[in-house]
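Input: a single structure, listed below in structure tokens.
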Amino acid sequence: MADAQQNNDDNNGKQANNYIKFTGLAFQMIAIIGIMTFIGYRIDVSSGHQTKWVTAAFALFGVFSSLVLVFRGIKE
């Protein structure tokens, strides 16, 4: 009976750790995409571009970078 309780406690601890880990990955994704988009936007504004190509390029780079971060985080 004690073994079943201990296994249940271990599973709850692992689930909590996974929850924290993946929540952290989500916030990191948001930060990377947001920062890269902001950098691209500032470059477009300072250059006076009519079409925001640099913003789009930096945003896509942020998305791909955050996906790499997620895949590396899942492997761990």
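The sequence shown begins at -17 in the numbering used here and counts up one residue at a time. Beta carbons: idealized from backbone N, C-alpha and C, even for Gly. Here the structure is a predicted model, which is why all the values come from computation and not from measurement.
Buried or exposed (CB count within 10 angstroms, at least 16 for buried), residue i
i          : result
residue 17 : exposed
residue 48 : buried
residue 40 : buried
residue 33 : exposed
residue 15 : buried
residue -5 : exposed
Contact with chain C by residue i, beta-carbon distance below 8 Å
i          : result
residue -1 : Given the protein chain composition of this structure (a single chain), no chain C is represented.
Residue i to residue j span [Cα, whole Å]
i          : j          : result
residue 22 : residue 55 : 26 Å
residue 24 : residue -7 : 46 Å
residue 45 : residue 51 : 10 Å
Checklist entry - Quick check: the segment -6 to 3 against the segment 28 to 38, are there 3 or more CB pairs under 8 Å? => result Taking one beta carbon from each stretch, the segment -6 to 3 and the segment 28 to 38 have fewer than 3 pairs nearer than 8 Å; the two do not touch.
Checklist entry - Can you give, in chain order, each stretch of the alpha helix (DSSP H) that sits fully within the segment -16 to 44 and has at least 4 residues? => result Listed in chain order, they are -16 to 29.
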